[in-house]
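Position in the sequence shown counted from 1, then plus 607, gives you the working numbering.
Backbone N, C-alpha and C define an ideal beta-carbon position, used for all residues, glycine too.
All values derive from a computational prediction rather than experimental measurement.
Report on the following structure.
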Amino acid sequence: MYTIALVVLLGLVSSTITSFVLETVPAIKKVPVLKDTTKLYAVVAILIVWLTDTSVLGTFGIGATEQWIDVVGSGLAIAASSVVVEAVINYLDK
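This is how it looks when you write it as structure tokens:
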């Protein structure tokens, strides 16, 4: 239960940081790799996991042998869960 709350909180922080970066630095959309905002969102989520030293995958027993795999996997899990939540909310609004 706490892990889901952590994922939602980190997703919210990542979303806020992503929107702040896109508003303050509009030139970042010109970077070919980061044109798509979902890629930037995933990068921010990975950085948040790395900075806070959290492991979302480790709480489910999927911890990796290498730390960087756990950090990247946890960041991508946060980004993916946020996309799924947005899709469900959009579906329910119809």
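Would you identify the three-state DSSP class for residue i, choosing helix, strand or coil?
i, result
"L654", "helix"
"D677", "helix"
"V690", "helix"
"T661", "coil"
"D700", "helix"
Straight-line CA distance for residue i to residue j?
i, j, result
"T610", "K646", "23 Å"
"S622", "G665", "23 Å"
"E693", "K701", "13 Å"
"D660", "K637", "30 Å"
"P633", "P639", "13 Å"
"V689", "G618", "This sequence places Ser at residue 689; Val is not what is there. If I take the Cα positions, the gap works out to 6 Å."
"T697", "I624", "Inspection of the sequence shows that residue 697 is occupied by Asn rather than by Thr. One C-alpha to the other measures close to 22 Å."
For residue i versus residue j, is the C-beta distance shorter than 8 Å?
i, j, result
"V679", "I655", "no"
"Y648", "A686", "yes"
"V663", "V614", "yes"
In terms of residue numbering, what span does the alpha helix (DSSP H) encompassing residue i cover?
i, result
"I635", "I635 -> no alpha helix (DSSP H), and no H or E assigned at all."
"L617", "Y609 to T631"
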